[in-house]
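The structure under discussion appears below in the form of structure tokens.
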Amino acid sequence: MQGYIHSFESMAAVDGEGVRYAVFLSGCPLRCVFCHNPDTWNMTGTLMTPEELVNKVSKYNPYFKNNGGVTFTGGEPLLQAEFIRKTVPLLKEKGINYIVDTSGSVELTDSVKYVLENAQGVILDLKFPDNEGYLKYTGHTMEKTLEMLGFLESIGKSTRIRTVIIPGINDTEEEIQKYLMHIKDKKCIYKYELLAFHTMGFFKYEELKIENPLKDTKPLDVSVKDRLQKFVNSNLGKSIDI
Amino acid sequence: MENYKRNFNEGNWNNTIDVSDFIKRNYTPYEGDASFLSGTTPRTDRVKKRVEELIIEETKKGGVLDIDTERVSSLLTYEPGYVIKEDDLIVGLQTDEPLKRAVNPFAGYRNAVQACKAYGYEIGENIKDEFRYRTTHNTGVFRVYTETMRKARHAGILTGLPDAYARGRIIGDYRRIALYGMDYLIRERKADKERIGERDMTDDTIRLLEDISRQLEFMNDLVIMAKQYGCDITRPAENAREAIQWLYFGYLGAVKEQNGAANSIGRISAFLDIYIERDIKEGTLDEKGAQELIDDLVIKMRLVRHLRTPEYNDLFAGDPVWVTCSLAGMCEDGRTMVTKTCYRFLQTLYNLGPSAEPNITVLWAQGLPQTFKDFCAKVSIDTDSIQYENDDVMRKDFGDDYSIACCVSAMKTGKQMQFFGARCNLAKVLLMALNGGKDEIYGEQIAPEGKVFDEKTLDYEEVLEAFKTYAAWMAKLYVNTMNVIHHMHDKYAYERLMMSFHDVEPERLMAFGISGLSVLADSLSAIKYARVTPKKDENGLITDFDIEGDFPKYGNDDDRADSIAKWITEFFYSELCKTKTYRNARHTLSILTITSNVVYGKKTGATPDGRKKGEAFAPGANPMHGRDKEGALASLNSVAKINYGCCMDGISNTFSITPEALGTDEDNRVENLTTVLDGYFAQDAHHLNVNVLNRQKLIDAMNDPTLYPTLTIRVSGYAVNFNKLTKDKQLEVISRTFHEKM
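Residue numbers (the numbering used here), protein chains in the order written: chain A, 15 to 256; chain B, 88 to 829.
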């Protein structure tokens with residue numbers, strides 16, 4: 015069994031709790047217009063066995079206290095849920111935790127469920143509040159993402175929701191209200207985090223010679239994101255630790 | 088005498104000079120947080136304001152405020168000087184005015200003349216006369232240098248050698264003055280002299296006896312110098328203020344006598360804390376007063392200046408003095424050596440603002456209190472002014488009373504000294520090996536003639552053999568060159584005062600250095616894993632390389648490349664050890680370049696790793712800029728593999744990360760930074776400079792220095808005010824790898 019690995023980032027402190035080692039897995043079913051990692055879309059990259067991956071990752075064990083560990087991201091890491099499933103027991107042997115950073119746009123297979131159940135936590139993208147947005151900007155419906163959120167709620171898995179705020183698309187309180195409808199009643203969600211759209215991935219579109227639908231969009235003013243985050247926090251109340 | 092010792096626990100320190108014993112029996116470990124700390128007093132604010140004005144004036148005048156060109160610097164040359172006479176709590180300046188520089192030609196007369204000239208001054212007639220008939224260290228060295236030594240120096244294979252300037256790096260144990268008083272110390276040293284005088288009068292004995300007599304002369308001068316400031320240091324210090332003052336007098340005398348590259352102050356926080364705690368208990372001092380004393384001492388440290396030539400500044404940019412002040416660490420009995428005074432020193436970075444000096448060095452141990460770790464991380468994030476060194480690793484060899492000199496050089500305080508030896512450019516040695524002993528820039532035959540490699544794909548084993556041959560030759564030349572330098576330094580520019588605050592026969596370390604480690608490791612990796620073909624110029628000299636295919640690079644936690652870097656240091660160290668040293672010094676090795684990595688790069692042709700001719704090296708043990716592709720921790724892990732056992736003079740690594748990549752908010756950043764430091768040092772890594780800032784901030788500061796007048800950054804082992812760097816050094820710093828988030 016081998017997995018396609020796009021790349022590694024040994025210091026990914028912001029994608030989850032503690033100091034994290036990010037494993038970028040290749041392949042993604044979505045084609046989000048605001049994607050900053052279009053180079054991970056295709057199922058290519060370095061092939062590694064679970065053993066090889068865990069050997070590499072365990073060299074960072076000294077940094078994994080305070081809830082740190084591995085973050086499986088991508089791409090859509092759960093496209094390779096089989097591979098992660100084989101990796102998980104080896105990680106556990108070394109006492110290494112992991113979280114999954116997913117768009118939720120995969121079938122809830124047994125492997126996917128296993129990977130989610132054993133994770134320390136999950137970061138789930140809620141890219142748009144409705145099917146209209148999803149279809150327009152990602153090429154898929156939001157059905158699977160909502161199913162996954164339902165599953166996470168049913169197993170009580172500690173979940174962080176993320177949304178990228180894009181100028182002119184979802185950067186208003188009105189829009190944010192719609193997202194909150196999906197979040198408010200979920201006990202498994204401990205954090206709802208907004209990210210500001212940035213253009214640091216634009217060069218990849220040029221390198222890959224693929225069209226960048228948002229090439230004329232400017233990075234989001236961080237103060238707008240901060241204001242919306244405050245709005246989110248005040249709406250979600252105290253039960254959510256931000 | 089008894090009153091000085093009131094409430095102190097007695098021990099071996101009462102029988103003999105043993106400061107470490109005094110500290111262990113009397114210090115109070117502190118495991119609490121930073122909430123007890125005080126801000127500035129109105130007095131501190133006044134002095135601080137005066138210093139700021141002076142520094143602005145100094146900058147306006149091109150970096151040097153004034154020079155006393157009529158007198159030669161020594162302990163009694165100048166009348167007492169003050170920042171604000173009625174406000175100075177801790178008194179004493181190098182000359183009679185703050186920031187006025189002294190002329191000190193003992194290590195090199197020509198340098199002193201040129202340094203004056205560079206700032207529009209002319210050296211006084213009387214100094215000219217005096218040095219017409221006096222041999223300086225520099226003259227002595229060049230009398231003996233062989234043709235080969237001169238060539239290696241000229242080509243820049245051996246660079247930055249202390250043969251025209253003072254060697255520095257020696258730390259007197261100035262605490263002894265406060266604890267024992269000068270009368271006792273002088274008496275002891277005289278007794279040493281009598282005892283040693285009983286030996287056979289060999290060269291070694293005679294030299295040592297002359298050393299001692301020179302020490303005694305300056306010990307007496309120090310007493311007079313203190314008297315001029317109204318202080319009687321013949322007796323021990325009676326309270327905290329006196330302890331700080333007595334200790335500072337020792338340091339001040341040393342920087343009046345010597346203008347060595349690094350003048351570090353040692354490990355003084357637990358020692359001073361004992362006096363501060365006693366005064367607080369006795370009700371004669373409160374926290375505000377204690378902080379005020381430390382603030383004033385630090386102000387004095389920030390005012391130390393030496394007169395340097397522009398060439399010197401090219402090597403060591405930003406006018407550094409390396410008033411390195413070592414904090415924290417663990418006691419061998421398992422207690423932390425963190426005291427409230429460690430916090431007070433860190434607090435000066437808030438009270439007085441961020442600063443390059445003193446070079447605050449935290450001796451990091453896994454066992455330090457978490458509260459202290461968190462505070463250090465916070466100070467790093469806020470000021471970029473501190474560096475970290477692994478106490479758990481150093482304590483094994485140096486015990487628990489060592490100090491750091493300069494950037495990363497450990498030595499037992501008062502018991503070891505070092506002969507500083509700059510560094511050998513090993514990347515250039517590889518090019519020399521490929522060119523059969525010729526320098527790749529000038530084409531000059533430097534080493535014995537050997538085979539010049541053909542314009543065919545290089546064979547790794549063959550290259551490695553050639554490299555080993557030339558590196559071995561180089562190591563021998565390097566040791567011998569150092570022997571000449573330090574013989575002459577002892578003879579003509581001996582550190583009388585600093586050495587008087589050492590045991591009479593201290594252990595000597597001879598500190599060699601490597602530059603170009605990452606370039607060499609990647610070059611060998613390229614030859615091993617890719618296909619590298621040399622290209623020759625019209626004179627048949629290899630000056631460039633064709634590289635086909637990819638190869639593993641140092642800095643990605645990839646053993647294929649990292650093991651080469653590790654091997655290089657182990658191999659070169661073992662070669663150095665084969666040649667006997669002057670005064671039987673122990674060989675040590677550092678991987679540290681300070682800012683000289685820019686100059687070394689300029690003097691080095693294109694290398695097989697794809698680095699272009701003249702391009703800057705990475706600093707210290709850092710991976711080359713932009714080649715570490717797997718992020719910050721992979722880079723740290725690579726450096727952590729270098730074996731401290733063969734690099735006991737330090738392995739310098741500089742780590743720059745943007746605040747956003749370090750964490751989501753301040754608490755999270757503090758937590759992550761302490762986790763990173765713990766994780767790195769748990770792997771027996773040695774040193775880390777930490778910068779938490781954005782590249783854009785540096786670019787803005789370069790374009791408009793007034794935006795961030797006190798912007799301090801850590802570069803290879805020390806902190807520097809960014810605005811004091813030349814443009815090419817600023818650009819080099821900006822080009823360094825910043826760990827950013829995507």
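Just so it is clear, CB atoms sit at the ideal spot from N, CA and C, and this is done for glycine as well.
In the DSSP assignment, Gly83 of chain A falls within the beta strand (DSSP E) that extends over 83–88. In the same chain as Glu552 of chain B, and ignoring 5 residues on each side of it, no C-beta atom comes closer than 8 Å to its own. Close to Val763 of chain B, with beta-carbon spacing below 9 Å, are these residues of chain A in chain order: Met25, Ala27, Val33, Tyr77.
Chain order gives the chain B residues near Tyr74 of chain A as Leu720, Asn724, Gly766, where near means a beta carbon separation below 8 Å. Straight across, the Cα-Cα distance linking Gly353 of chain B with Asp631 of chain B is about 46 Å. For the stretch 573–606 of chain B, the continuous alpha helix (DSSP H) assignments of 4+ residues that do not extend past its boundaries occur at 583–587, in sequence order. In this structure, Tyr557 of chain B keeps its C-beta atom at 8 Å or more from the C-beta atom of Phe599 of chain B. The DSSP assignment places complete alpha helix (DSSP H) segments of no fewer than 4 residues inside the stretch 274–346 of chain B at 290–315, 327–344, in order along the chain. Residues of chain A with a Cβ closer than 8 Å to the Cβ of Gly750 of chain B are, in chain order, Ala27, Val28. Restricting attention to beta strand (DSSP E) runs no shorter than 3 residues, the stretch 127–164 of chain B encloses them at 153–159, ordered along the chain.
Looking only at B:Phe588, B:Pro746, B:Ala648, B:Asn643, the smallest Cα-Cα distance to Leu334 of chain B is reached by B:Phe588. Its chain contains Gln817 as the residues whose beta carbon lies nearer than 6 Å to that of Met789 of chain B, once the 5 sequence neighbours on both sides are disregarded; these appear in chain order. Shown in chain order are the members of the stretch 75–109 of chain A whose Cβ falls below 7 Å from a Cβ of chain B: Pro76, Tyr77, Lys79, Asn80, Gly82. Of the residues assessed, Asp633 of chain B falls on the exposed side of the cut-off, its CB having fewer than 16 other CB atoms within 10 angstroms. Nearest C-alpha to Ser125 of chain A among A:Ile98, A:Glu220, A:Lys201, A:Lys106: A:Ile98. For Glu758 of chain B, the neighbours in chain A by C-beta distance under 7 Å run, in chain order, Asn80. Rounded to the nearest whole angstrom, the C-alpha separation of Lys502 of chain B and Asn101 of chain B is 18 Å.
For the stretch 640–655 of chain B, the residues whose beta carbon sits under 7 Å from a beta carbon of chain A are, in order, Asp644. Less than 8 Å divides the Cβ of Ala443 of chain B from the Cβ of Pro407 of chain B. Counting of Cβ neighbours within 10 angstroms places Ala278 of chain B among the exposed residues, the total staying below 16. When the Cα atoms are used, Thr235 of chain B and Gly732 of chain B turn out to be separated by approximately 31 Å. In the DSSP assignment, Gly109 of chain A falls outside any beta strand (DSSP E) and carries neither an H nor an E.
Segment contact: the stretch 386–394 of chain B against the stretch 131–146 of chain B, three or more CB-CB distances shorter than 8 Å; contact assigned.
Distance between Ala202 of chain B and Ile244 of chain B, taken at the CA atoms: about 25 Å. Chain B places no beta carbon closer than 8 Å to that of Phe48 of chain A, leaving this residue out of the contacts. For Gly147 of chain A, the uninterrupted alpha helix (DSSP H) run begins and ends at 145–151, by DSSP. If you draw a straight line from the Cα of Phe305 of chain B to the Cα of Arg422 of chain B, it is about 37 Å long. Not a single CB atom of chain B sits nearer than 8 Å to the CB of Phe165 of chain A. The DSSP-derived three-state label of Cys418 of chain B is coil.
With at least 16 other beta carbons inside 10 angstroms of its own, Gln302 of chain B counts as buried. By the CB criterion at 8 Å, Glu90 of chain A and Gly164 of chain A fall outside the cutoff. Within chain A, Pro76 have C-beta atoms less than 7 Å from the C-beta of Gln770 of chain B, given in sequence order. If you look at Pro621 of chain B, you'll find it in the beta strand (DSSP E) that goes 618–623. Within its own chain, the residues whose Cβ lies closer than 6 Å to the Cβ of Thr435 of chain B, once the five positions on either side in sequence are excluded, are Asp382, Val385, listed in chain order. Using a Cβ-Cβ cut-off of 8 Å, Phe22 of chain A counts as an interface residue toward chain B, since at least one Cβ of chain B sits closer than that to its own. In this structure, Gly707 of chain B places its C-beta atom within 8 Å of the C-beta atom of Leu679 of chain B.
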